[in-house]
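Down below is the structure, laid out as structure tokens.
4 protein chains.
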Amino acid sequence: MDDGTAHAPHGYISRKDDYLKRLRRIEGQARGLQRMVEDEKYCIDILTQVSAMTSALQSVALGLLEEHMSHCVVAAAQAGGPEAEEKVREASAAIARLVRS
Amino acid sequence: MDDGTAHAPHGYISRKDDYLKRLRRIEGQARGLQRMVEDEKYCIDILTQVSAMTSALQSVALGLLEEHMSHCVVAAAQAGGPEAEEKVREASAAIARLVRS
Amino acid sequence: MDDGTAHAPHGYISRKDDYLKRLRRIEGQARGLQRMVEDEKYCIDILTQVSAMTSALQSVALGLLEEHMSHCVVAAAQAGGPEAEEKVREASAAIARLVRS
Amino acid sequence: MDDGTAHAPHGYISRKDDYLKRLRRIEGQARGLQRMVEDEKYCIDILTQVSAMTSALQSVALGLLEEHMSHCVVAAAQAGGPEAEEKVREASAAIARLVRS
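Protein chains in written order, with the working numbering: chain A, 5 to 105; chain B, 5 to 105; chain C, 5 to 105; chain D, 5 to 105.
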């Protein structure tokens, strides 16, 4: 965990509006799924929407991860010391959760 | 595609409220992610939430799929004729999309 | 578990040679990866091969699953009784393992 | 692509024997799967083995990726210049292939 204050500006911040837009669209997909269940739509059509939503989420995650590496991890490496190692371990754990989820 | 009328009641309908509740929680997770980006939280913490949300979505998909098979696919098999084959193909395509998404 | 004797011929058997060929190719990919590590190839190139091998394995799994459903699950549904329910639960558990692995 | 010569020793090399051992075990799993198909084992049992093999492969990939980041990516960041950016992009593409495979 991290309170978001101890770090240099996070990598994704320059594209904050883009991420917010994508997450609002994902929120809209979650509402669309509720409507489909409410209206008793066909299971397979609901599953197609779930797959689309999962792909959109993964794409957000991969974007955030790339920006995290090119900012936080690279900055820690350049600063030297044990923090680079720590940042790599932390990013690796996040990647493992993405691959397995 | 399927307009939801040509079928016997879909398998998930008996648990409609449960699915709606889970999807509302997922919608809440999407809003929580927007707040995290808005507040410029740490990337890795955002990624942890994305993984949790992806797992929740997959779990909904696996539940819907199981009910689809135990109702629609089984009913088509019992009715006989080419529809069983068609239902299996359709379910398999949905499974492939889940596995690859 | 299942000793393979209590069932009607399994669905994949008509395409046994095709599956054996694909699995031999996957075995070859595993040997290729050992050669790459032995020769100290670049990590990213090794990871590309791992992804190709994972995709090949998933494709075998999706094929087996589709044939299992169109033979075993459909036959159990047609036979009636509690076995259909059991087969669906068993297939669903296998699908969950694939989605999460 | 990379011919493996232009780099400082790759990160995984210190644990080369460990990776070779794990890959040999994965090769053995591929042979075990062929035996199962040859002996016409039950589909679901074959799928269980495929999931175990996929998990073993992913675990190798995640290990290689972590060592790649803590050696190659960190070294490029410390060297400065455009190569760090390039290494991050390359690692991100590899991660995307893993997440989607």
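Ideal Cβ placement from N, Cα and C applies to all residues, glycine included. Please read these numbers as outputs of a predicted model, since none were measured by experiment.
Nearest-angstrom beta carbon gap, residue j and residue i [assumed within contact, 8 Å]
i                     : j                     : result
residue 28 of chain B : residue 62 of chain A : Rounded, the Cβ-Cβ distance is 22 Å, inconsistent with contact.
residue 96 of chain C : residue 94 of chain B : Not really, about 16 Å apart at Cβ, beyond 8 Å.
residue 54 of chain C : residue 23 of chain D : Residue 54 of chain C to residue 23 of chain D, Cβ: 11 Å. No contact.
residue 46 of chain B : residue 14 of chain A : 7 Å
residue 92 of chain D : residue 73 of chain A : 5 Å
Residue i, DSSP secondary structure in three states
i                      : result
residue 43 of chain B  : coil
residue 14 of chain B  : coil
residue 84 of chain A  : coil
residue 5 of chain D   : Because the pLDDT of residue 5 of chain D is 44, which lies under 50, any placement of that residue in the model is unreliable, and the number read from its coordinates should be weighed accordingly. Residue 5 of chain D falls in the coil class under three-state DSSP.
residue 36 of chain A  : helix
residue 74 of chain D  : helix
residue 63 of chain B  : helix
residue 96 of chain D  : helix
residue 53 of chain C  : helix
residue 101 of chain B : helix
CB contact flag (residue i, residue j, <9 Å)
i                      : j                      : result
residue 51 of chain A  : residue 26 of chain B  : no
residue 30 of chain D  : residue 44 of chain C  : no
residue 110 of chain D : residue 80 of chain D  : Here chain D comprises residues numbered 5 to 105, so residue 110 of chain D is not present and cannot be evaluated.
residue 59 of chain B  : residue 105 of chain A : yes
residue 103 of chain B : residue 77 of chain C  : no
residue 83 of chain C  : residue 57 of chain C  : no
residue 19 of chain C  : residue 85 of chain C  : no
Contacts that residue i makes with chain A (C-beta to C-beta distance below 7 Å)
i                     : result
residue 28 of chain B : 38
Chain-ordered chain D contacts of residue i [CB-CB under 9 Å]
i                     : result
residue 56 of chain A : Here the premise fails: no neighbours, minimum Cβ distance about 14 Å.
Chain-ordered chain B contacts of residue i [CB-CB under 9 Å]
i                     : result
residue 42 of chain A : 20 and 24
residue 62 of chain C : 100, 103 and 104
Chain A contact residues for residue i, given Cβ-Cβ distances below 8 Å
i                     : result
residue 82 of chain D : 81, 82 and 84
Proximal chain C residues relative to residue i, where beta-carbon distance stays under 9 Å
i                     : result
residue 88 of chain B : 74, 78, 81 and 82
Per-residue contacts from residue i into chain C (C-beta, under 7 Å)
i                      : result
residue 100 of chain B : 66
Neighbouring residues, chain D, relative to residue i (Cβ below 7 Å)
i                     : result
residue 70 of chain C : Correct list: empty, because the minimum Cβ distance to chain D is about 10 Å.
Within chain C, the residues that residue i reaches when beta carbons sit closer than 8 Å
i                     : result
residue 96 of chain D : In chain order: nothing, as chain C lies at least about 11 Å away.
residue 35 of chain D : 31
Distance cut-off 8 Å: residue i Cβ against heavy atoms of the ligand SAM
i                     : result
residue 32 of chain B : Ligands are entirely absent from the displayed structure, and the ligand SAM is therefore not among its contents.
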